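To start, the structure under review is shown below, and the notes come after it.
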Amino acid sequence: MAQPVKISVEEIKRLRDETGAGVMECKRALEQAEGDYEKAKEFLRAAGLLKAEKKSGRVAKEGVIACYIHHGNRLGAMVELNCESDFVARTPEFQQLAQEIAMQVAGMDPQYISREDVPEEVVAEQRRIFYEK
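The opening position of the sequence shown corresponds to residue -12 in the working numbering, with each subsequent residue numbered one higher.
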């Protein structure tokens, strides 16, 4: 029977710093990869994709509504930014993000309010431009 590979704390820390995965996930990935750092990164990458698929069906039903009104009250924007928990919605960083998005929307002079309002030919043209890059 093969002897288990000894995984150093430094290796776990390095993998964690590089990938942002949890300590135990990094340790498990290194054990699965028998100490091979690159294979461990691949395991984490594959696991991350699986996690993303699992989370894709979750509903982001919490959030905030942020408004930006430009000086002179002639221009404004209102943005709804959603997240999965009220804990996140209450953080100053999340609220600041919503406020900054509202300001950016106002600065961009949007022509449509929602995706459904955009004519199909405009969507097709924008896709064509995007894929030509």
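All residues carry an ideal CB built from backbone N, CA and C; glycine is no exception.
Just so you know, these numbers come straight off a predicted model, no measurement behind them.
Would you say the stretch 81 to 90 touches the stretch 50 to 67, given that touching needs at least three Cβ pairs under 8 Å?
Cβ pair count under 8 Å is three or more, so yes.
Residues in the same chain with beta-carbon distance under 7 Å from Ala93, minus the five sequence neighbours each way, listed in chain order, please.
Within the sequence shown, the letter at position 106 stands for residue 93. Once the five neighbours on either side are set aside, the close Cβ partners of Ala93 are Tyr55, His57, Leu62, Gly63, Ala64.
May I ask you to list the residues that DSSP assigns as paired with Glu49?
One-based indexing of the sequence shown puts residue 49 at position 62. Glu49 pairs with Cys70.
With DSSP run on the structure shown, which of helix, strand or coil describes Ala116?
Against the sequence shown, residue 116 aligns to sequence position 129. Looking at the sequence shown, residue 116 is not Ala but Ile. Helix at Ile116.
Taking 7 Å as the threshold (C-beta atoms), are Gly22 and Val(-8) in contact?
Taking the first residue of the sequence shown as 1, we reach residue -8 at position 5. Taking the first residue of the sequence shown as 1, we reach residue 22 at position 35. Yes, these two residues count as a Cβ contact at 7 Å.
List the residues that DSSP assigns as beta-bridge partners of Cys54.
As a first step, residue 54 must be located in the sequence shown, where it is residue number 67. In DSSP, Cys54 forms a bridge with Met65.
Using the Cβ count rule (16 or more neighbours within 10 Å means buried), how would you classify Ala111?
Sequence index remark: in the sequence shown, residue 111 carries index 124 (1-based). Ala111 is exposed by the Cβ-count criterion.
Find out if the Cβ-Cβ distance for the pair Leu2, Ala20 is shorter than 7 Å.
Within the sequence shown, residue 2 is the residue found at index 15, counting from 1. Within the sequence shown, residue 20 is the residue found at index 33, counting from 1. No, they are not a contact pair.
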